[in-house]
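> Before I ask anything, here is the structure I am working with.
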Amino acid sequence: MRPLLKHLIMPVYQTQTLLESLAGHTDDYLQMAITEWQMIPHNAFTQNPSPDSWSANQCIDHLNGYGRYYLPKMKEVMHKAISKGLASEPLFKPGWLGNHFTGMMLTQPDGKPVKKMKTLKAYTSPQPRESHLVVAEFIEQQEEMSSLLQMAKNVSLTKTKVPTSLSALISMSLGDTFLFIIAHNHRHIMQAERALGSSRSSSKKIKPFLLAEMGVLTGS
Amino acid sequence: MIHYDEAIQNLREFIRPLHALSEEEWASFAAIWQPYSAPRKTLLTAAGDTEKYLYFVTEGVQRAFYLGKNDREATLVFMYPYSFSGVADSFLLQQPSKYYLETLTKSKFIRTTFLQVQELTDRYHNFEKLIRKATNFTLAGALERQIELQCFSAEEKFTTLLRRSPQVLTMIPHKYLASYLGIDASTFSKLLGTVRIE
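Laid out in structure tokens, this is it:
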């Protein structure tokens, strides 16, 4: 009974605070990529910390794969939403699926995942692509994400729907998509930082991804 | 308030080597600035707009760029603390800009308008001298850069940039630096590897 109840009681967010938090996180990731990752040589960036663990390059290219699908889609649905007049609302309510996916992406305070996940094959990168290309694409995508988060101030986060990469028949709300993607980014960025050497003091620059700090109102 | 006062002080230090203003002239100049900030990737001026503002950057990085056919882009210049920002030729001539001006990171400025600057140049000949001298330096810089772009090898352009402004490597995404130097991203990355070994 209890697990079901947990899903019935979902957080409600203040839209403005949520978007600002997500923009803040995205900005942190961008700063990390610009101030640190750009300067790391290919060999170091593509180093596997252990045979079973991804290199930083693989982590970031994994994120790029998601961005390649979702960013253009989000832009497209926002344009449609603007023309349909799906105006912004002060509150955002996650959907069941979105909330579930976001929850799966969350990390513990030390940055390690709460739940370990096997990634779908299509999104794993087998060969190490040139790290400067991977980092450059990541930077470009996070810049785009920043723009989209600005644009999102003008549309309903709840009513605007984004078809997921799982299936065009399964959609999530725009708000859920932002939450999921950015939580996912956070997870793999922490993983990338561990791969680069968890003793790096710069890792502390990535603040924890805490839903409670994103304008959550006591849920119902 | 603290940011604003500090910014005005930085402005004063910045113009000091350019040209000396009297206390009265400085006070009038200091009075025309307003604080302004913008998040990352904000378009401050678009091609076709007439540049209304003269900015003084106190935080963050911006760039002016040209957009050509087939989405071809050329970064003209980066601005970062402490310097003036804005599309200079459009501002001075009050003609439509050919270039875009955007923030690359969240940025803080103080800014003033053309009308306010014009009012001061009309009032104080000495102030107009300051503007003229600043423009002279900008012109000299533009000519020097034109020669670099035409005559220098990729490596020479790269090392010149690093010697002049080493901090840009960790401030600006490398794709914009490559665009600024007129070299492609792979060449830039190779050069980065080479220079580091030295």
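Same order as they appear, the protein sequences are chains A and B.
Using the numbering used here, you'd call the opening residue of the first sequence number 1465 and step up by one each time.
Using the numbering used here, you'd call the opening residue of the second sequence number 51 and step up by one each time.
Where a beta carbon is used, it is the ideal one built from N, C-alpha and C, also for glycine.
Quick caveat: nothing in here was measured; it's all calculated off a predicted structure.
(1) What is the residue span of the alpha helix (DSSP H) that GLN196 of chain B lies within?
(2) How many angstroms separate the CA atom of LYS207 of chain B from the CA atom of PRO223 of chain B?
(3) Output needed in chain order: residues of the region 1496 to 1529 of chain A with a Cβ under 7 Å from some Cβ in chain B.
(4) Give a yes or no on whether the minimum CB-CB distance between GLY118 of chain B and chain A is below 8 Å.
(5) With distance defined between alpha-carbon atoms, name the residue in B:ALA192, B:SER239 and B:THR125 nearest to ALA204 of chain B.
(6) According to DSSP, is HIS53 of chain B part of a helix, a strand, or is it coil?
(7) Less than 8 Å separating the beta-carbons of ALA1520 of chain A and ILE1603 of chain A?
(8) Thinking just about the alpha-carbon of each residue, which of B:PHE128, B:ALA228, B:PRO85 and B:HIS69 is nearest to the one in TYR54 of chain B?
(9) Following the continuous beta strand (DSSP E) through GLU152 of chain B, name the residue where it begins and the one where it ends.
(10) Is there a C-beta anywhere in chain B that falls below 8 Å from the one on ILE1646 of chain A?
(11) Check the C-beta distance from PRO1515 of chain A over to LEU1643 of chain A and give it rounded, since I have them as a contact under 8 Å.
(12) With 16 other CB atoms within 10 Å as the buried threshold, where does HIS1652 of chain A fall?
(13) On the DSSP bridge assignment, give the partners of THR1479 of chain A in chain order.
(14) Excluding the 5 residues flanking ARG182 of chain B on each side, which residues of the same chain have their C-beta closer than 6 Å to its C-beta?
(15) List, from N- to C-terminal side, the beta strand (DSSP E) runs of 3 residues or more that fit wholly inside the region 104 to 172 of chain B.
(16) Please name the residue, chosen from A:LEU1483, A:THR1641, A:GLN1480 and A:GLN1522, that lies closest to GLU1657 of chain A on a Cα-to-Cα basis.
(17) Could you spell out where the alpha helix (DSSP H) holding ALA1520 of chain A opens and where it closes?
(18) Quick check on LYS1585 of chain A: does DSSP put it in helix, strand or coil?
(19) If you drop the 5 nearest sequence neighbours on each side, which residues of the same chain put their C-beta closer than 8 Å to that of ALA1551 of chain A?
(20) ALA88 of chain B bridges to which residues according to DSSP?
Concretely, from the data shown:
(1) Position 146 of the second sequence, counted from the first residue, corresponds to residue 196 of chain B. Unbroken alpha helix (DSSP H) run through GLN196 of chain B: 175 to 201.
(2) Residue numbering aside, residue 207 of chain B sits at position 157 when the second sequence is read from its first letter. Residue numbering aside, residue 223 of chain B sits at position 173 when the second sequence is read from its first letter. Rounded to whole angstroms, LYS207 of chain B to PRO223 of chain B spans 17 Å at the Cα level.
(3) ILE1498, THR1499, GLN1502, MET1503 and PRO1505
(4) Looking up residue 118 of chain B in the second sequence gives position 68. No, GLY118 of chain B lies away from the interface with chain A (no Cβ there is under 8 Å from its Cβ).
(5) Within the second sequence, the letter at position 154 stands for residue 204 of chain B. Checked all of B:ALA192, B:SER239 and B:THR125; the closest Cα to ALA204 of chain B is B:SER239.
(6) Here residue 53 of chain B refers to the residue found at position 3 when the second sequence is read from its first residue. Residue state, collapsed to three classes: helix.
(7) Taking the first residue of the first sequence as position 1, residue 1520 of chain A is located at position 56. Taking the first residue of the first sequence as position 1, residue 1603 of chain A is located at position 139. No, the Cβ-Cβ distance between ALA1520 of chain A and ILE1603 of chain A is not below 8 Å.
(8) Position 4 of the second sequence, counted from the first residue, corresponds to residue 54 of chain B. Selected option, being the one with the closest Cα: B:PRO85.
(9) To locate residue 152 of chain B, count along the second sequence from 1; it is residue 102. That run of the beta strand (DSSP E) goes 150 to 153.
(10) What you label residue 1646 of chain A is simply residue 182 of the first sequence in a count that begins at 1. Output row for ILE1646 of chain A: interface = no.
(11) Residue numbering aside, residue 1515 of chain A sits at position 51 when the first sequence is read from its first letter. Residue numbering aside, residue 1643 of chain A sits at position 179 when the first sequence is read from its first letter. Not really, about 33 Å apart at Cβ, beyond 8 Å.
(12) The count along the first sequence starts at 1 and reaches residue 1652 of chain A at position 188. It counts as buried.
(13) Mapped onto the first sequence, residue 1479 of chain A falls at position 15. According to DSSP, which records beta bridges pairwise, THR1479 of chain A is partnered with nothing at all.
(14) Translated into positions along the second sequence, residue 182 of chain B becomes position 132. Contacts found: none.
(15) 112 to 117, 123 to 129, 133 to 135, 150 to 153 and 157 to 163
(16) Here residue 1657 of chain A refers to the residue found at position 193 of the first sequence. Nearest option by C-alpha distance: A:GLN1522.
(17) Stepping through the first sequence from its first residue, residue 1520 of chain A is reached at position 56. Note, ALA1520 of chain A: alpha helix (DSSP H), 1520 to 1548.
(18) Locating residue 1585 of chain A in the first sequence gives position 121, where the first residue counts as 1. Note that LYS1585 of chain A scores 45 on pLDDT, short of 50, meaning its location in the model is unreliable and no value can be drawn from it.
(19) Taking the first residue of the first sequence as position 1, residue 1551 of chain A is located at position 87. Setting aside the 5 residues that flank it on each side, ALA1551 of chain A is surrounded in the same chain by ASN1618, VAL1619 and SER1620, each with a C-beta closer than 8 Å to its C-beta; the list follows chain order.
(20) For this step, residue 88 of chain B is matched to residue 38 along the second sequence. According to DSSP, ALA88 of chain B bridges with B:SER157.
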